[in-house]
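Residue numbers (the working numbering), protein chains in the order written: chain A, 1 to 248; chain B, 249 to 1097.
From the three backbone atoms N, C-alpha and C, an ideal C-beta is built for every residue, glycine too.
Small disclaimer: the values here were computed from a predicted structure and weren't measured.
Quick notes on the structure that follows.
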């Protein structure tokens, strides 16, 4: 076997390992449904803070789930909701519902890179990262905030439209939870998400605090997951536009 | 140097005449500059608005003013060449704030619109854009420009009233945009709202006006256009934002042409005034010229002397005119903008008419060149002065005695060519060349015709006053070319007035007939305060509600809006053709009345206006292809009628077709016919009571609509009244100058008259009669050329401007009104020269004797 062929085989094995790690992380976090009350704290470049609350509900598994985010605070945005329908083979569909005008609006694919209502998350960041929509490469191992992690590069496949050219994932060896994700546009690091306060909730290791940093704007958003529950009974019919309208 | 001193000395002696000459140039240049700047200001304002709003938009998808269903957005976004596509609604809403007029409100989807537009907010308010959640969640949210906020003392949280489809509603200012870019649009009277909130506010349903598109990197405009056209089909226009400017210019074409003609007219007046002033100067300075020639001055130096004076007068007048024009432009631009709003329903906010150095310089340059051209003939005459005859006391040299055969032949040739060009066919170039040749023929014939008319008037004048009348007539007969310039100018002015006035009268007559036969409902119900405005629409159910009111015999639903047809906006009227057949029994110009309504009501044909057909060379039976959101609607023309709803033409289709092809059920006018004996006031009261709650609604009586339409027509033809004023000014100035020359020439004759016992009053009568005779000659020739000019004006309206074939009706009332006005002006113009004649030195006049 030539030297080049040996290198190719090694690279292929490495890639296989990276995918297996991500698949395992995805498998361990799998639940039929999820519900939590989120608190969003946005801290801008000048240190000014704003607070929002929402209720998050998800039905279905990775890559094929449906989710609703409904704002509960502040009072003037209460009832505004976002419906996300994730698809394994293509980008998700997203609609926003505003009760005051009784209208839903589709969030176009082209708009997914924009900030999600003043937070440091983009609409795309709220989508699920299905393992099959990316190619992976194991870059090595690193310690993040005291936890030993695999460092993996993920690149969206051609079928997956993304604002990011690639991302670097750090997955904790101990419980296969994400420790950090760094998102790049070309070679520029634009967003960094840190996953902290990992708790075992109904036998699923879950970070209860996500801090998203926008490095271009020098601002950050802290999302705290409260009253988190998995496998809560939910109906498919609750994740439709009709349901959005019905609830308000 | 000596010549300059002579000029200066003459100027000091005749300050008034110099001031008049300079004023003549200034008037011409000022009107030219003001009209051009005003026209440009209106167009620039529109372009600024388009550019300001367009942002990074490369292409716009639209289907005319009717908009299209929201679903089209997804089809646009799915085109691979499209990087960003954002829906837009635009409407000019009445602010209800004192002195603010309209506020252009653009509705955008804030979640994605920033990829196309920058909303640069005042510091500390970025959160509104960064976090549009509150803005979107509250449908009363509005962002305004800093200019608008400052003008009205608004801050964050201030509330402003806006006229909406639901009546007056209050909106909360949640953002103030910094100056520049977007906020430059519409003179700063611009606001941004959430598009879905604006849909509701305007009662537009789930429709967008247009979609703004940015293309992927590396995709050319042509590629993007092709891809979008393929994806959307022929029912949509895909154009760069600048194309909206072209549509706007197309709508204003005839208006711009009228402005240009008025400018040209003003410049001609300037030429005439300069010519006259220099002709007088040459006459008065004949002795001085003779001395100069005797001292060795060459003909060239004499010509240069007068041309130099013309250049100075032209320069001073042109610069003053350019400045005055600039100052006038802002006022005129505001007037033009108001006119456009009322006539075309196109709201524009024109707050400035910026000075354009290039235009100002070019106009001033034109003023100087025109001054030189106008002074050329008097200067040449001055150069031809014979020093021997000029220095003989008591003799005057008739500079232009005798008619030339050449002029006769030229005139006949020009007239023959004009007739041939007119008969030759449809070429606009030949038509306009023929028009110019006809005027040229008339101008060349003016001295001869003036002489004939003076001879014809002699017996009448002599009968009125045997001595004074005969002297006055003889003065005109002996020197026909002295009066011919004034007569020619008067003739041209009056011909133009008759031409415009005649078109106005023909249109008025046709309008009256159209209003009587077509706009015959008892009441009109509309959500727009002005019937030409189509910003607001209402649901068709309002019609059903009105139908149930006691006393209502019939209700007809109408939806009208401009749609693009072969690149030009035309008015589409969707009405219930079956019902129209019962109430609008107006014989079409082409087609059978019953057949055209039957086929149109069945959705098988369209009825078009004469202007629509003629401007596009279409005939009865031809198929028109209308772009609609559902595809290309092909309909044969079943009838051609006279209709004045839109200058670019009107198409009538049945409402059922409109609902089907445009997927829209809204209406903007409901025509209400009352049962015999029903009270219009009572029905109006009931309509307002039942239908106007929570809805913007106006109920207009038939007379109100008629008054509105005739008011618009009056505004449109207000230019004619300005031209009449200018014509009178020309008459007065021309006659004053001509009489001054005449008195100078006849000083000896008038002196002898007084020496042999003639009374001063007799001299006065002679001058007065001469002036009135000039007025009569100018009037007769003016009305004659006016009759020809009217024919050309009507042909111009039919062939080039509006496609309307109007009946030839000579405006006799206008002519009857002009006669005393012109003769009165002529008499008034003679008062001062007559006094000059009687107060002159008798000794000086009789020096030779």
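CB-CB under 6 Å to residue 158/A, same chain, minus the five flanking residues each way: which ones, in chain order?
Excluding positions up to five away in sequence, the list is empty.
Min CB distance residue 1101/B to chain A below 7 Å:
No statement about residue 1101/B is possible, as the shown extent of chain B runs from 249 to 1097 and does not include it.
Report yes if the C-beta distance between residue 315/B and residue 446/B is below 7 Å; otherwise report no.
Here residue 315/B is not near residue 446/B, since their CB atoms are 7 Å or more apart.
Could you tell me how far apart the beta carbons of residue 748/B and residue 919/B are, in whole angstroms, since I believe they sit closer than 8 Å?
Contact check for residue 748/B and residue 919/B: beta-carbon distance about 33 Å, past the 8 Å limit, so the pair fails to qualify.
Can you give me the C-alpha to C-alpha distance between residue 107/A and residue 101/A, rounded to a whole angstrom?
One C-alpha to the other measures close to 16 Å.
So is residue 121/A in contact with chain B if we call contact Cβ pairs under 7 Å?
No, because no Cβ of chain B sits closer than 7 Å to the Cβ of residue 121/A.
Between the Cα of residue 434/B and those of 295/B, 1006/B and 930/B, spot the shortest distance and give me the residue it belongs to.
If we check each option's Cα against that of residue 434/B, 295/B comes out closest.
In this structure, does DSSP put residue 156/A in helix, strand or coil?
In the three-state reduction of the DSSP assignment, residue 156/A falls in the strand class.
Does any CB atom of chain A fall closer than 7 Å to the CB of residue 325/B?
At least one chain A Cβ lies under 7 Å of residue 325/B.
Residues of chain A with a CB under 7 Å from the CB of residue 382/B: which are they?
Under the 7 Å cutoff, chain A gives 76 and 77.
Can at least three beta-carbon pairs, one atom from the region 1065-1079 of chain B and one from the region 782-789 of chain B, be found at a separation below 8 Å?
Not touching, per the Cβ criterion.
Element boundaries [alpha helix (DSSP H), containing residue 173/A]
Taken as a continuous stretch (DSSP letters only), residue 173/A belongs to no alpha helix (DSSP H), as it is neither H nor E.
Going by the DSSP bridge assignment, what does residue 135/A pair with across the sheet?
Looking at the DSSP output, residue 135/A sits in a beta bridge with 155/A.
Give the C-beta separation of residue 187/A and residue 163/A to the nearest angstrom, bearing in mind that I take them to be a contact with Cβ-Cβ under 8 Å.
In this structure residue 187/A is not in contact with residue 163/A, their Cβ atoms being roughly 15 Å apart against a cut-off of 8 Å.
Report buried or exposed for residue 241/A, applying the criterion of at least 16 other Cβ atoms within 10 angstroms of its Cβ.
That one is exposed.
Taking the continuous beta strand (DSSP E) assigned at residue 98/A, which residues delimit it?
For residue 98/A, the uninterrupted beta strand (DSSP E) segment begins and ends at 93-98.
DSSP-derived helix/strand/coil call for residue 358/B
In the structure shown, residue 358/B sits in coil (DSSP, three-state: anything other than H, G, I, E or B).
Roughly how many whole angstroms lie between the Cα atoms of residue 713/B and residue 1012/B?
Going by the C-alpha atoms only, they are around 12 Å apart.
Cα-Cα separation, residue 56/A to residue 286/B:
Those two C-alpha atoms are separated by around 59 Å.
Pairing CB atoms from the region 812-827 of chain B with CB atoms from the region 946-963 of chain B, are three or more of them under 8 Å?
Not touching, per the Cβ criterion.
Can you tell me which of 194/A, 176/A, 237/A and 193/A puts its alpha carbon nearest to the alpha carbon of residue 29/A?
Nearest of 194/A, 176/A, 237/A and 193/A to residue 29/A, Cα basis: 176/A.
Just the chain A side, please: which residues come within less than 9 Å of residue 445/B by C-beta, in chain order?
For residue 445/B, the chain A residues whose C-beta falls within less than 9 Å of its own C-beta are 98, 100, 101 and 103, listed in chain order.
Pair within 7 Å by beta-carbon distance, residue 31/A and residue 152/A
Going by C-beta atoms, residue 31/A is not nearer than 7 Å to residue 152/A.
Under a three-way DSSP split, which group does residue 242/A fall into?
Helix at residue 242/A.
Can you tell which of 143/A, 168/A, 78/A and 58/A has the C-alpha that lies nearest to the C-alpha of residue 126/A?
That would be 58/A, whose Cα lies nearest to the Cα of residue 126/A.
Put residue 207/A into one of helix, strand or coil per three-state DSSP.
Strand at residue 207/A.
Give a yes or no on whether the minimum CB-CB distance between residue 125/A and chain B is below 7 Å.
Taking 7 Å as the CB threshold, residue 125/A stays off the interface with chain B.
Within 10 Å of its beta-carbon, does residue 1056/B have 16 or more other beta-carbons around it, so buried, or fewer, so exposed?
Classification of residue 1056/B: exposed, given that the 10 Å Cβ count is below 16.
Smallest Cα separation from residue 21/A: which of 140/A, 116/A, 233/A and 207/A?
Minimum Cα distance to residue 21/A is reached at 140/A.
Name, going along the chain, the residues of the region 382-396 of chain B whose beta-carbon falls closer than 7 Å to a beta-carbon of chain C.
Here the protein chains are A and B, and chain C is not one of them.
Within the continuous alpha helix (DSSP H) that includes residue 1102/B, where are the two ends?
With chain B represented from 249 up to 1097, any question about residue 1102/B goes unanswered, as that position is not in the structure.
Please check if any C-beta of chain B sits within less than 7 Å of the C-beta of residue 245/A.
Put simply, the CB of residue 245/A is far from chain B, with every gap to its CB atoms at 7 Å or more.
CB-CB length for residue 615/B against residue 565/B, believed under 8 Å:
Separation of the CB atoms of residue 615/B and residue 565/B is rounded to 6 Å, and the pair is thereby assigned contact status at 8 Å.
Along the alpha helix (DSSP H) that carries residue 933/B, what are the first and last residues, could you check?
Per DSSP, residue 933/B is one residue of the alpha helix (DSSP H) stretching across 928-939.
Assigned exposure category for residue 310/B - 16 Cβ within 10 Å defines buried:
By the 16-neighbour rule on beta-carbons within 10 angstroms, residue 310/B is buried.
Taking only the alpha-carbon atoms, compute the straight-line gap between residue 935/B and residue 927/B and give it to the nearest angstrom.
One Cα belongs to residue 935/B, the other to residue 927/B, and the distance between them is close to 12 Å.
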